[in-house]
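Structure first, then comments.
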């Protein structure tokens, strides 16, 4: 094994920082337009980040363009850390979030598209800072790593290793043989859908500022809102909530399927086994939760979650069930109602969705539906093997046979995911959280979901956590966003050995 190419690693981190600084400067006009004193702090943060990135890139240029798997894993993990540490500067320089721990928590929650927050009064925050907060979602949604590899050929660097390490899901399903073209098309779809949702939300009644922020948070499956009550602020406007439900669902689907749908190949969408489970599974749970709300819920609560001018209790129950289910399954984290105040059975079903996740190749977090499909089929395969030990019975997915290596990888991922969940829940309980809050905060952070149960429910936030607990949750957000292996492999001694 050759030595690591540290120059190309540092050079790439420099490019990442340059882009991050440029996005910060995009937030400055929002602050200037509203005549906020934080304008200068945002500009200073952007310039500082770009200078840091420029220096890293300038002093680490090299003719050795080799980029192996190890460099790919290091770049993705440290690239995310670079984004998160420099992303705190607008908060710190403006004094909007004076505590560095809180600023880092809010920042990595944004880039990891978790949506957990320490802010207690969001509506009092400066507009420029709120835009930057939403922008961290949008950047992290598809991954600034994927964006950057689209320009790597200009530098003579191949990007396949980075895409394989960063692309959401257990595999990078390619719609085009050239990885840079794939990255460009993914970002093109991402940008276009964000603009479409922005216009629809504006037409439905949002202000232009709220519309752009919520569009960025929706398409990234992030969940940061500009309102203290999140989307519950718009309970009197069902159209806004139905628009957000629709785009959350789209964002939680494989973007390659979205590409085919936009080309008119709808049949290819429903041929996807994962999409069928995603669509019909979500619909089934929505109807189940609606039934729980209507038939087993306190009538006073049904009244409280719908506006008297709206269509009625049944529509309201369906809308809030649909909103909550899609928000949790896609790991968006927007809130239209406090699902922990529904019946115990409904709350239990909602919490179980924390471990599902959206589709592979989407911006959502979590375990991912395709992994559950393969694990379930693999379990039935073992039952059949008990009856027919000599039979060759392959696990099939989308009409093809799933290689054993992928099955083992998926099973290893799930075992590791649940092990981390159990151990992390214990650790957070040691940091002072009660049982319900500890498992809620762990499931939320690891799955990049946002609101959970206990003291971090949809009507609460993470501000009351101790400093160690906030840093630990930040770590869980990072490994959850990068699908465990990408980060944890760096902690193994054999990764750094020469062989």
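Numbering (UniProt numbering), first residue to last: 1 to 499. Idealized CB from N, CA, C, for every residue including glycine.
{"Query": "Completely contained alpha helix (DSSP H) runs for the region 326-369, where each covers 4 or more residues", "Result": "344-352"}
{"Query": "Check whether residue 325 and residue 289 have beta carbons under 7 Å apart", "Result": "yes"}
{"Query": "Residue 405, buried or exposed, once every other Cβ within 10 Å from all chains shown has been counted against 16", "Result": "exposed"}
{"Query": "Cβ contact check for the region 14-21 and the region 47-57: 3 or more pairs under 8 Å", "Result": "yes"}
{"Query": "Euclidean distance between Cα positions of residue 119 and residue 462", "Result": "8 Å"}
{"Query": "Segment contact flag, the region 446-453 with the region 360-368, C-beta cutoff 8 Å, min 3 pairs", "Result": "yes"}
{"Query": "Touching by the beta-carbon criterion (3+ pairs, under 8 Å), the region 209-218 and the region 181-199", "Result": "yes"}
{"Query": "Assigned exposure category for residue 127 - 16 Cβ within 10 Å defines buried", "Result": "buried"}
{"Query": "Range covered by the alpha helix (DSSP H) that runs through residue 241", "Result": "238-251"}
{"Query": "Alpha-carbon spacing of residue 45 relative to residue 277, whole angstroms", "Result": "44 Å"}
{"Query": "Other residues of its chain near residue 345: CB distance less than 8 Å, five sequence neighbours each side excluded", "Result": "292 and 296"}
{"Query": "Rounded separation between residue 216 and residue 109 - CA only", "Result": "14 Å"}
{"Query": "Whole-angstrom distance between residue 237 and residue 99, CA atom to CA atom", "Result": "36 Å"}
{"Query": "Which of helix, strand or coil DSSP assigns to residue 319", "Result": "helix"}
{"Query": "Residue 221: first and last residue of the uninterrupted alpha helix (DSSP H) it sits in", "Result": "Per DSSP, residue 221 belongs to no alpha helix (DSSP H) and is neither H nor E."}
{"Query": "Assigned exposure category for residue 35 - 16 Cβ within 10 Å defines buried", "Result": "exposed"}
{"Query": "Inter-residue Cα distance where the pair is residue 268 and residue 279", "Result": "14 Å"}
{"Query": "Alpha-carbon to alpha-carbon, residue 142 and residue 230", "Result": "23 Å"}
{"Query": "Residue 77 burial status per 10 Å Cβ neighbour count (16 or more: buried)", "Result": "buried"}
{"Query": "Nearest residue (CA-CA) to residue 6, options 62, 252, 23 and 38", "Result": "62"}
{"Query": "Cα-Cα separation between residue 474 and residue 425, rounded to whole angstroms", "Result": "14 Å"}
{"Query": "Three-state secondary structure assigned by DSSP to residue 159", "Result": "Any reading at residue 159 must be qualified, since the residue scores a pLDDT of 49, below 50, and its modelled position is unreliable; no value is offered."}
{"Query": "Contact set for residue 332: own chain, Cβ-Cβ below 6 Å, skip 5 residues either direction", "Result": "221, 223 and 248"}
{"Query": "Cβ separation of residue 450 and residue 114, assumed to be a contact under 8 Å, to the nearest whole Å", "Result": "6 Å"}
{"Query": "Neighbour-count burial assignment, residue 266, 16 or more Cβ in a 10 Å radius", "Result": "exposed"}
{"Query": "Backbone CA spacing between residue 75 and residue 485 [nearest angstrom]", "Result": "14 Å"}
{"Query": "Exposure of residue 235, with buried meaning 16 or more beta-carbon neighbours within 10 Å", "Result": "buried"}
{"Query": "Cα-Cα separation, residue 152 to residue 455", "Result": "Because residue 152 sits at a pLDDT of 44, beneath the cut-off of 50, its placement in the model cannot be relied upon, and the following sentence gives the value as read from the coordinates. Roughly 45 Å separates the two Cα atoms."}
{"Query": "Touch test, the region 386-402 against the region 464-482, Cβ-Cβ under 8 Å, three pairs minimum", "Result": "no"}
{"Query": "From 403, 258 and 327, residue whose alpha carbon lies closest to that of residue 361", "Result": "258"}
{"Query": "Contact check, residue 189 vs residue 255, beta carbons under 7 Å", "Result": "yes"}
{"Query": "Selected residue, minimal CA-CA separation from residue 500, among 433, 440, 488 and 58", "Result": "Residue 500 lies beyond the range of the chain shown here (1 to 499); nothing can be said about it."}
{"Query": "Alpha helix (DSSP H) segment containing residue 137, residue limits", "Result": "127-142"}
{"Query": "In DSSP terms, what residue 401 is bridged to", "Result": "396"}
{"Query": "Range of the contiguous alpha helix (DSSP H) that encloses residue 29", "Result": "6-33"}
{"Query": "Beta-carbon spacing of residue 88, residue 103 below 7 Å", "Result": "yes"}
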